[in-house]
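Participant:
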Amino acid sequence: MAADNIVAIVKALGSAENLEIFEMISSSAEICGCKIGERFKLDKEGVDRMVSDLVISGLIDVVKGDNWDHYKINETEMCLLNKYFNDRIFECRSTGCKCKCNSGCC
Numbered sequence: 004m005a006a007d008n009i010v011a012i013v014k015a016l017g018s019a020e021n022l023e024i025f026e027m028i029s030s031s032a033e034i035c036g037c038k039i040g041e042r043f044k045l046d047k048e049g050v051d052r053m054v055s056d057l058v059i060s061g062l063i064d065v066v067k068g069d070n071w072d073h074y075k076i077n078e079t080e081m082c083l084l085n086k087y088f089n090d091r092i093f094e095c096r097s098t099g100c101k102c103k104c105n106s107g108c109c
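One gets our numbering by counting positions in the sequence shown from 1 and adding 3 to each.
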């Protein structure tokens with residue numbers, strides 16, 4: 004996974020509202036934008052603006068509806084993100100690297 008993808012994902016999840024929306028979407032197979040609108044008191048355009056970083060990052064996909072769009076998790080992107088972080092953890096464990104906070108400096 005490229006660094007710019009990671010940056011877009013971190014940016015997308017960088018607000019409490021976006022994280023809550025991501026959790027709403029990930030808790031079901033697909034969610035209607037009207038549910039997000041109800042939660043945050045937004046109209047369709049407001050929901051579209053609010054989820055734009057999540058869509059741009061690739062974390063969620065948009066399914067166009069007649070009135071409201073529906074949103075679902077992009078499982079391929081989630082698998083790549085999971086692999087990215089698991090690879091970093093494995094790499095750290097295998098090389099014996101330690102967090103700076105464990106280096107005895109504090």
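In this text, a Cβ means the ideal position worked out from N, Cα and C, and glycines have one as well.
These figures come from a predicted structure and were not determined experimentally.
1) Expressed to the nearest angstrom, what Euclidean distance is found between the alpha-carbon atoms of Ala-6 and Gly-61?
2) Starting from Lys-75 and walking both ways along the alpha helix (DSSP H), at which residues does that stretch end?
3) Could you work out which residue in Asn-89, Asp-56, Leu-83, Lys-44 is closest to Asn-21 when comparing CA atoms only?
4) Rounded to whole angstroms, what is the Cα-Cα separation between Gly-49 and Asn-77?
5) What is the residue span of the beta strand (DSSP E) that Asp-64 lies within?
6) Just reading off the alpha helix (DSSP H) that Lys-38 is part of, what are its end residues?
Facilitator: Here's the rundown:
1) 14 Å
2) No alpha helix (DSSP H) holds Lys-75; the beta strand (DSSP E) holding it covers 73 to 76.
3) Asp-56
4) In a straight line, the C-alpha of Gly-49 is about 22 Å away from that of Asn-77.
5) 63 to 66
6) 36 to 43
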